[in-house]
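Below is one structure, written out as structure tokens; comments come after it.
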Amino acid sequence: MMKSTLAIDSSLPQTEKTVRAIQPEKELKQRQKVHELKKACSDFQAIFLSYMLKTMRESVPKSGFLGDGFGGELFTDLFDMKISESLSGAAGLGLDETLFRQLAPNAFGEDWKEIAKDINSLPRKGGVKVLNSAASPASFGEIVNAAATKYDLEPALIDSVITAESGGNHLAVSNRGAKGLMQLTDSTSQHLGVADPFDPNQNIHGGARYLRELLDRYNGDLRLALAAYNAGPTTVDKYQDVPPYKETQLYVNGIMERLHNDRP
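Heads up: the sequence shown begins at 18 in the working numbering, then just goes up one per residue.
Structural data, given as structure tokens:
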């Protein structure tokens, strides 16, 4: 069970102590349910788009791009599904939002409108959905400085990764399920001991620890560490360099340039 990060005042009545102690866990479960419903709505939108693509494809002559026969049909269906997933994350069609608002009252009761205020999402580059928040990387300066000191990193590096990953929004969620300021996946969060990736303190310290691990793995080579943060260490190990992926190369070059410009 997740331990509360809140200090419990011994002067409080026992019932109030208990409520304050379990509140973080209840909030975490609620957030998880919200994002599970959001993902289901997004998946439905992707399936709908896939059906539209299939219908459109049937109305034009076959190109043979993916081959004929059963194998060609199978790969065509897979191709359409991947295109649909990309369109669903980037097009901002709004079908997923409409569906969510239809389902939310039954899922969350009378509080659904308050919850909806926190999850009105807008598409971002790289498939990251940013939930409503007025925060910016500068808002978490104390946490960033503490994490930088603990893991021997430049605060500017952590700031730059936060900007690139989430734009400073602690409720950001990617189509692949990466969460929070530094976009930690569930498996990475588990590895780092991050119980609530939407908590800025846990997320920043977890992301900073992961950056330190990657820097140590690649003997201090920041380019490779950043590439591994974006594309995964297995991919970097395979190429022994920044992978030839446009997204990863733009990610690495963007952060390196930002760090260079920020230095005196």
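Just so it is clear, CB atoms sit at the ideal spot from N, CA and C, and this is done for glycine as well.
Alpha-carbon to alpha-carbon, residue j and residue i
i	j	result
Y283	A164	With the chain covering 18 to 281 only, the question about residue 283 has no answer from this structure.
Q266	I179	17 Å
R240	K255	15 Å
P11	G126	Shown here, the chain extends from 18 to 281; a query on residue 11 therefore has no answer.
G143	N270	Any reading at G143 needs caution, since the residue's pLDDT is 43, under 50, leaving its predicted position unreliable; the model's value is listed next. The straight-line gap from Cα to Cα measures roughly 15 Å.
G158	Q219	14 Å
H277	L112	41 Å
C58	R193	14 Å
F87	V190	Low confidence applies to F87: its pLDDT is 43, below 50, so where it sits in the model is not reliable, and the reading given next is rough at best. In a straight line, the C-alpha of F87 is about 36 Å away from that of V190.
T115	K50	17 Å
I175	N247	14 Å
F117	A195	20 Å
A24	G210	Because A24 sits at a pLDDT of 36, beneath the cut-off of 50, its placement in the model cannot be relied upon, and the following sentence gives the value as read from the coordinates. Using only the alpha carbons, I get a separation of about 20 Å.
Y168	F65	45 Å
P122	T72	33 Å
H208	M199	15 Å
T252	D60	27 Å
K56	Q62	10 Å
T166	D203	25 Å
A173	S183	15 Å
E264	Q257	17 Å
K34	M69	With a pLDDT of only 35 at K34, under 50, the local geometry of the prediction cannot be trusted, and the value read off the model is given with reservation. Those two C-alpha atoms are separated by around 54 Å.
Cβ-Cβ distance between residue i and residue j below 8 Å
i	j	result
G185	S156	yes
D231	A212	Sequence inspection shows Leu at residue 231; the Asp mentioned does not correspond to that position. Going by C-beta atoms, L231 is not nearer than 8 Å to A212.
Y268	L243	yes
I272	A124	no
S177	R280	no
I221	V259	no
L120	L54	yes
V237	L201	Strictly speaking, residue 237 in this sequence is Gly, with Val absent from that position. In this structure, L201 does not lie closer than 8 Å to G237 by Cβ.
L4	R234	Outside the modelled stretch of the chain, which goes from 18 to 281, sits residue 4, for which no answer is possible.
P217	S206	no
Beta bridge counterpart(s) of residue i as assigned by DSSP
i	result
L201	K196
Span of the alpha helix (DSSP H), counted from its first residue to its last, around residue i
i	result
F117	L112 to F125
G224	P217 to R234
Q266	K263 to D279
N186	Taken as a continuous stretch (DSSP letters only), N186 belongs to no alpha helix (DSSP H), as it is neither H nor E.
D254	P250 to Y256
G237	Element bounds for G237: n/a, residue is neither H nor E.
V161	G158 to K167
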